[in-house]
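Report on the following structure.
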Amino acid sequence: MKICFLYGGQGSQKTGMGKDLYENYPVFKEFYDSLSTNFDLKDYSFNQSDEEISKTQYTQPLMVAFQIGITKILKDKGIVPDIVGGLSIGEYSALYTSGVITDKDAILIAEKRGVAMSKSSNVSCKMMAIIGAPVDMVRDICEKVSEKTGYDVQISNLNCPGQIVIAGEANAIDEVVSILKENKIRKIIQLNVSGAFHTSYMQNASAELENIFKDIEFSVPKIDLGLNVDGKIYDVSKYTKDDIKNIMVKQVKSTVYFEEELRNMISNGVDIFVEIGFSSVIKGFLKKIDSEKKVYEVYSVETLENFVNEMKK
Numbered sequence: 200m201k202i203c204f205l206y207g208g209q210g211s212q213k214t215g216m217g218k219d220l221y222e223n224y225p226v227f228k229e230f231y232d233s234l235s236t237n238f239d240l241k242d243y244s245f246n247q248s249d250e251e252i253s254k255t256q257y258t259q260p261l262m263v264a265f266q267i268g269i270t271k272i273l274k275d276k277g278i279v280p281d282i283v284g285g286l287s288i289g290e291y292s293a294l295y296t297s298g299v300i301t302d303k304d305a306i307l308i309a310e311k312r313g314v315a316m317s318k319s320s321n322v323s324c325k326m327m328a329i330i331g332a333p334v335d336m337v338r339d340i341c342e343k344v345s346e347k348t349g350y351d352v353q354i355s356n357l358n359c360p361g362q363i364v365i366a367g368e369a370n371a372i373d374e375v376v377s378i379l380k381e382n383k384i385r386k387i388i389q390l391n392v393s394g395a396f397h398t399s400y401m402q403n404a405s406a407e408l409e410n411i412f413k414d415i416e417f418s419v420p421k422i423d424l425g426l427n428v429d430g431k432i433y434d435v436s437k438y439t440k441d442d443i444k445n446i447m448v449k450q451v452k453s454t455v456y457f458e459e460e461l462r463n464m465i466s467n468g469v470d471i472f473v474e475i476g477f478s479s480v481i482k483g484f485l486k487k488i489d490s491e492k493k494v495y496e497v498y499s500v501e502t503l504e505n506f507v508n509e510m511k512k
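All residue numbers for the sequence shown refer to our numbering, where the first residue is 200 and numbers rise by one.
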């Protein structure tokens, strides 16, 4: 049986996240008590509103801390993955689990990355999920609007069949949406994020990450690791540990090929996927790719214990 842990991205946070885990698992409590951030991470995790924790500078370290904490509980119970991956910021939790970076470095990077991304663009931006449109149509409209307005609109995520996420300057995004609706594409959802993530608007954040990584030791993965930048599984024979730094510098400003990553994991023989995060986001992606795959969600004491009990059968 091959198990894959998948770590959610922004949008997979929820007020009160981790409080029940903190109160019930010593390994989770010890980890949270050991963290040092520029804001009160426990207070934001346990007490602050959904609106407050949805701010990028807070969401990213909150998500990574929560995901690593759950990973530590599962390891304490004898459950470790054979392969890992994450969506956007969740990829840093995957880097920790695969042995590339330490838990403390993962939190440090997440906090600095969140701040850098929240400040990266000097224009107002939006991200939109487009359901049911052909990729070529969306790409063509984005290119034409970008040329017309002088503001880039780009595909930021290809997450699953039938879903495309675009990002860019707010007015240019609105024009793309208008053209899509003229072309009978009706289901378009604005995402609750503050920037044009995984586009060229994140160039400053990318440069900041490159600088941050100079002082952080990266190791070669000890278990298989999926990559957002091309959807491939990390190949030890093709990459060095320093290549991962370059990949993660690129990740923040490049399209996320998450559908391709999930397909490659399935091709690698994954039997069970475990989504660590709220809202069933990745579970929804997987169901559109392979509805037969077993997907567990772990985000609370109840869901964690249910999963552990299932693994014991």
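Ideal placement from N, C-alpha and C gives every residue a C-beta, glycine not left out.
*Identify the residues that DSSP records as bridge partners of Ile329: which are they?*
Ile363 and Ile387
_One or two residues paired with Tyr495 in a DSSP bridge_ = Val473
*With burial defined as no fewer than 16 other Cβ atoms inside 10 Å of the residue's Cβ, what is the status of Val334: buried or exposed?*
exposed
_Could you check whether Phe396 and Leu293 sit closer than 9 Å to each other, using their CB atoms as the reference points?_
Just to set this straight, residue 293 is Ala in the shown sequence, not Leu. No. Outside cutoff.
*For Val497 and Phe506, believed in contact at Cβ under 8 Å, the rounded distance*: 5 Å
*Three-state class that DSSP yields for Leu234 in the structure shown*: coil
*To the nearest angstrom, report how far apart Ala309 and Val263 are at their CA atoms.*
7 Å
*According to DSSP, is Asn427 helix, strand or coil?*
coil
*N- and C-terminal bounds of the alpha helix (DSSP H) containing Val375*: Ala369 to Glu381
*Residues in its own chain within less than 8 Å of Leu261 by CB, not counting five upstream and five downstream?*
Gln212, Met216, Leu240, Tyr243, Ser244 and Ile252
*Is any beta-carbon of chain B found at less than 9 Å from that of Asp302?*
Any reference to chain B falls outside this structure, which holds one protein chain only.
*Name the residue from Leu286, Ser453, Asp304 and Glu381 whose alpha carbon lies nearest to the alpha carbon of Asp414.*
Asp304
*So which of Leu408, Gly298 and Val469 has the shortest CA-CA distance to Lys444?*
Leu408
*Can you tell me which of Ser248, Ile272 and Tyr291 puts its alpha carbon nearest to the alpha carbon of Glu531?*
The question about residue 531 has no answer here: the residues shown for the chain are numbered 200 through 512.
*Starting from Leu205, trace the beta strand (DSSP E) both ways and give me its first and last residue.*
Ile202 to Tyr206
*For Pro225, count neighbouring C-beta atoms within 10 Å of its own C-beta (all shown protein chains included) and say buried if the count is 16 or more, exposed if not.*
exposed
_Per-residue DSSP class, three states only, for Gln353_ = strand
*With Ile282 as the anchor, note down where its beta strand (DSSP E) starts and where it stops.*
Ile282 to Gly285
_Taking a contact to mean a Cβ-Cβ separation below 9 Å, would you say Ile465 touches Lys493 in this structure?_
no
*asked:* According to DSSP, Ile432 sits in a beta bridge with which residue or residues?
replied: Gly425
*asked:* Checking the sheet assignment: what are the DSSP bridge partners for Cys341?
replied: BP columns for Cys341 are empty, so no partner.
*Between Lys254 and Ser248, what straight-line distance do the alpha-carbon atoms span, to the nearest angstrom?*
11 Å
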